[in-house]
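Asks: Just passing along the structure, written as structure tokens.
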Amino acid sequence: MNIREKIPNLPEIHVESNLNLLLRRAKENRTVDIEEYETTGGYSALKKALKKFTPEDIVILVEESTLRGRGGAGFPTGRKWRFALMNPPPRYLICNADESEPGTFKDRIIIERDPHLLLEGMIIAGYALGAKEGYIYIRGEYPAGYMILENAIKEAKEYGYLGENILGTDFSFDIKVYRGAGAYICGEETALIESLEGKRGHPRLRPPYPAQVGIYRRPTVVNNVETLSNIPIIVTYEQYFMNIGSSGFYGPKLFPISGKVKKPGVYEATMDITLRELIEMAGGVKDGKKFKAVFSGALGVYSEKDLDMPMDYSPKGFGGTGTTIVLDEEDCIIDSLLVIANFFHHESCGKCTPCRVGTYEQLNILKKIKEGNGTEQDLEYLKHLAENIPSGSICGLGFSAPQAIVDAMKKFPEEFEAHLKGECPAGICF
Ligand SMILES: Cc1cc2nc3c(=O)[nH]c(=O)nc-3n(C[C@H](O)[C@H](O)[C@H](O)COP(=O)(O)O)c2cc1C
Ligand code: SF4
């Protein structure tokens, strides 16, 4: 019986691709088992890697591919691997499947529908890094994904792709899956490592970076699900990988789109696609309404003027995880910011005072503004917090907590001014 049949109630998520790489097998809402994976070319990249390439060859391939990590920061994957290789074994590989940012639901598509693609990427990465063990840290709210991965690991072991002496070689590698317990901060790589070690998920001070001192104080590569799923594609296509896309940011990218579009879902495209084209791919703004803004998950706000930006990692690109939440004329910027501020206040782990207290202050000021009780001093205080929360924080949550507010103040000043006068342009606050 296909594992999917044992798992009821997976949400129907629309998936579309004109590349057919990462989402090649994931268009239908069902899990591809190992037999279907094999008959559609699966595990051929692993066979090729073990037969044709040394671990060093694979690292060079990944470096040359210029692949950037898909977990948000866009760090070059090959450089991270090289950094880990500069430190003596044992080395570990961790797949970050915590996917907890608002509006982000791309990794779950690979996990739930094509889990062997991720496993194959991890096994090749383990081979390249000289690792014997890999871990997948999956968010607690993905119980189906957890079961699917456990089942796929069992299948991969039965078929000789995982475990001792993989495909008759002297390379052995095992993968274990761990479930998170609902904290966004555990997606931050050092907090994730602490959590995996059985401790409270608080970020560590960096440096040293995980590639130097990671899990069990050993060199550890932490990569996102989508990043690792690109590895079999790189091994298959080799230098032709650089034909996928044209802006210098190569390879397929997944974009989760939600909000006021006709066809919300996960879209696969090259990173030279613009924000406008992506929204069009999702059918455009629904119900004939006027576009207002895009929230990039919790991390940034874009206006109509930004619609022609590329969805890449250049300084003027969209960057991040590619998460796109579309707002229309009936949405209120302040009301939406309040959701984001509440999220950061709730998810701050509390280790750094500026983040712990500052996210609380941001929330309270935005509540005041939304209720029509805000003042000019409140706006000044928001700017003060925007400078001081990041500078007094040790991790990316604190660095980015004020970003959406800062963007919105620059791009939608009229929304703030109107609320100070007791008016809401969208007509929902008062
Ligand atoms: C608060 C916070 C949450 C994060 N959550 C995730 C996550 O859920 N998944 C992820 O891959 N990266 C997440 N990251 C980024 C990771 O710290 C890390 O950069 C990433 O896993 C590296 O993978 P990549 O190089 O393949 O992008 C988060 C970072 C921060 C600061
Ligand atoms: S910046 Fe915030 S989330 Fe990050 S460690 Fe400090 S308190 Fe925790």
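Residue 89 in my numbering sits at position 7 of the sequence shown; the count goes up by one each step and never skips. Glycine included, every Cβ here is placed at the ideal spot set by N, Cα and C.
Between the Cα of K214 and those of E237, E202, F253, spot the shortest distance and give me the residue it belongs to.
Replies: Start at 1 with the first residue of the sequence shown, and residue 214 comes out as number 132. Nearest of E237, E202, F253 to K214, Cα basis: F253.
Asks: Return yes when the Cβ of G203 is within less than 7 Å of the Cβ of P314, no when it is not.
Replies: Position 232 of the sequence shown holds residue 314. Position 121 of the sequence shown holds residue 203. Contact: yes.
Asks: Which two residues bound the contiguous beta strand (DSSP E) that contains K374?
Replies: Translated into positions along the sequence shown, residue 374 becomes position 292. Where K374 is concerned, the enclosing beta strand (DSSP E) stretches over 373–377.
Asks: Check whether the Cβ atoms of I416 and E497 lie closer than 7 Å to each other.
Replies: Here residue 416 refers to the residue found at position 334 of the sequence shown. Here residue 497 refers to the residue found at position 415 of the sequence shown. Yes, they are a contact pair.
Asks: What is the rounded straight-line gap between the Cα of G124 and the Cα of H198?
Replies: Counted from its first residue, the sequence shown places residue 124 at position 42. Counted from its first residue, the sequence shown places residue 198 at position 116. Those two C-alpha atoms are separated by around 8 Å.
Asks: What is the DSSP secondary structure of E276, reduced to helix, strand or coil?
Replies: Translated into the one-based positions of the sequence shown, residue 276 becomes position 194. Three-state DSSP puts E276 in a helix.
Asks: Pick out whichever of C506, F323, G262, K492 has its Cα sitting closest to the Cα of I388.
Replies: One-based indexing of the sequence shown puts residue 388 at position 306. According to the sequence provided, residue 388 is Asp. The question's Ile does not apply to it. Residue K492 is the option with its Cα nearest to D388.
Asks: Please indicate yes or no: does the CB of G154 lie closer than 6 Å to some heavy atom of ligand 1?
Replies: Counting from one through the sequence shown, the residue named residue 154 turns up at place 72. It does: the Cβ of G154 is within 6 Å (strictly closer) of some heavy atom of ligand 1.
Asks: So which of C414, L287, T403 has the shortest CA-CA distance to E350?
Replies: Residue mapping note: residue 350 aligns to position 268 of the sequence shown, counting from 1. Comparing Cα positions, the closest option is T403.
Asks: Starting from T302, trace the beta strand (DSSP E) in both directions and tell me its first and last residue.
Replies: If you number the sequence shown from 1, residue 302 lands on position 220. It spans 302–306 - the beta strand (DSSP E) in which T302 sits, taken as one unbroken run.
Asks: Less than 7 Å between the beta carbons of R221 and G262, yes or no?
Replies: Taking the sequence shown and counting its residues from 1, one reaches residue 221 at position 139. Taking the sequence shown and counting its residues from 1, one reaches residue 262 at position 180. Against a cut-off of 7 Å, the Cβ pair of G262 and R221 comes out as a contact.
Asks: If distances are taken between C-alpha atoms only, which option among I476, D489, P495, H428 comes closest to E458?
Replies: In the sequence shown, the residue the question calls residue 458 occupies position 376. For E458, the nearest C-alpha among the options comes from P495.
Asks: Measuring alpha carbon to alpha carbon, tell me which of L357, Y243, C177, S328 ends up nearest G272.
Replies: Position 190 of the sequence shown, counted from the first residue, corresponds to residue 272. As written in the sequence, residue 272 is Thr, which differs from the Gly given in the question. Ranking the options by Cα distance to T272, first place goes to C177.
Asks: Going by the beta-carbon positions, is the gap between G160 and G401 smaller than 7 Å?
Replies: Taking the first residue of the sequence shown as position 1, residue 160 is located at position 78. Taking the first residue of the sequence shown as position 1, residue 401 is located at position 319. Not in contact: G160 and G401 (Cβ atoms no closer than 7 Å).
Asks: Could you tell me how far apart the beta carbons of V376 and T356 are, in whole angstroms, since I believe they sit closer than 8 Å?
Replies: Residue numbering aside, residue 376 sits at position 294 when the sequence shown is read from its first letter. Residue numbering aside, residue 356 sits at position 274 when the sequence shown is read from its first letter. Not quite, the Cβ-Cβ distance comes to about 12 Å (not below 8 Å), so this is no contact.
Asks: Would a C-beta distance cut-off of 7 Å place S99 and L92 closer than the cut-off?
Replies: On the sequence shown, residue 99 is found 17 positions in, with the first residue counted as 1. On the sequence shown, residue 92 is found 10 positions in, with the first residue counted as 1. No, they are not a contact pair.
Asks: With respect to the beta strand (DSSP E) encompassing I176, which residues constitute its N-terminal and C-terminal limits?
Replies: The count along the sequence shown starts at 1 and reaches residue 176 at position 94. From DSSP, the beta strand (DSSP E) with I176 extends over 173–179.
Asks: In the DSSP assignment, find the unbroken beta strand (DSSP E) run with G330 in it and report its ends.
Replies: Taking the sequence shown and counting its residues from 1, the one referred to as residue 330 is at position 248. Taken as a continuous stretch (DSSP letters only), G330 belongs to no beta strand (DSSP E), as it is neither H nor E.
Asks: Shorter than 6 Å, the distance from the beta carbon of S430 to the closest heavy atom of ligand 2, or not?
Replies: For the purposes of this step, residue 430 is identified with residue 348 of the sequence shown, where counting begins at 1. Checking the Cβ of S430 against ligand 2 gives yes.
Asks: Hey, how far is the Cα of K239 from the Cα of N233?
Replies: For the purposes of this step, residue 239 is taken as residue 157 along the sequence shown, with counting starting at 1. For the purposes of this step, residue 233 is taken as residue 151 along the sequence shown, with counting starting at 1. If I take the Cα positions, the gap works out to 10 Å.
Asks: Answer yes or no: do I95 and G347 have a C-beta to C-beta separation smaller than 7 Å?
Replies: Mapped onto the sequence shown, residue 95 falls at position 13. Mapped onto the sequence shown, residue 347 falls at position 265. Contact flag set, yes.
Asks: Is L104 helix, strand or coil by DSSP?
Replies: As a working mapping, residue 104 is identified with position 22 in the sequence shown. Correct three-state label for L104: coil.
Asks: When the Cβ atoms of the region 363–377 are set against those of the region 464–483, are three or more pairs found closer than 8 Å?
Replies: Between the region 363–377 and the region 464–483 there are fewer than three inter-stretch CB-CB distances shorter than 8 Å, so the stretches are not counted as touching.
Asks: Straight-line CA distance for R173 to G212?
Replies: Counting from 1 along the sequence shown, the entry for residue 173 is found at position 91. Counting from 1 along the sequence shown, the entry for residue 212 is found at position 130. Whole-angstrom Cα-Cα distance: 7 Å.
Asks: Is the beta carbon of I192 less than 7 Å from the beta carbon of S311?
Replies: On the sequence shown, position 110 is the one that residue 192 refers to. On the sequence shown, position 229 is the one that residue 311 refers to. Yes, these two residues count as a Cβ contact at 7 Å.
Asks: Fully enclosed by the region 415–478, which alpha helix (DSSP H) runs are 4 residues long or longer?
Replies: 415–429, 435–452, 458–473
Asks: Counting C-beta neighbours from all protein chains within 10 Å, is the total for K188 16 or more, i.e. buried, or is it exposed?
Replies: Along the sequence shown, one-based indexing puts residue 188 at 106. When all chains shown are included, K188 counts as buried.
Asks: Since Y349 sits in a beta bridge, which residues does DSSP pair it with?
Replies: As a position in the sequence shown, residue 349 is number 267, starting the count at 1. Beta-bridge pairing links Y349 to E98, F337.
Asks: Can you grab the Cα-Cα spacing for the pair I235 / F481, in whole Å?
Replies: The residue you call residue 235 lines up with position 153 of the sequence shown. The residue you call residue 481 lines up with position 399 of the sequence shown. Distance between the alpha carbons of I235 and F481: 36 Å.
Asks: Measuring straight from C-alpha to C-alpha, what distance separates G242 and L249?
Replies: On the sequence shown, position 160 is the one that residue 242 refers to. On the sequence shown, position 167 is the one that residue 249 refers to. Cα-Cα distance, rounded: 6 Å.
Asks: Keeping to the same chain, check which residues put their C-beta closer than 7 Å to that of C506; ignore five residues upstream and five downstream.
Replies: As a first step, residue 506 is located in the sequence shown; it is residue number 424 there, counting from the start. Hits under 7 Å: C414, A500, F512.
Asks: So, do the region 125–133 and the region 338–347 have three or more beta carbon pairs nearer to each other than 8 Å?
Replies: Cβ pair count under 8 Å is below three, so no.
Asks: Counting Cβ pairs closer than 8 Å, one from the region 286–293 and one from the region 162–169, do we hit at least three?
Replies: yes
Asks: Quick check on V488: does DSSP put it in helix, strand or coil?
Replies: The residue you call residue 488 lines up with position 406 of the sequence shown. Note: V488 maps to helix in three-state DSSP.
Asks: Suppose you measure from the CA of K374 to the CA of E386; what does that come to, to the nearest Å?
Replies: On the sequence shown, position 292 is the one that residue 374 refers to. On the sequence shown, position 304 is the one that residue 386 refers to. Between K374 and E386, the C-alpha separation is close to 7 Å.
Asks: Is DSSP giving Y217 helix, strand or coil here?
Replies: Taking the sequence shown and counting its residues from 1, one reaches residue 217 at position 135. Here Y217 sits in strand by DSSP.
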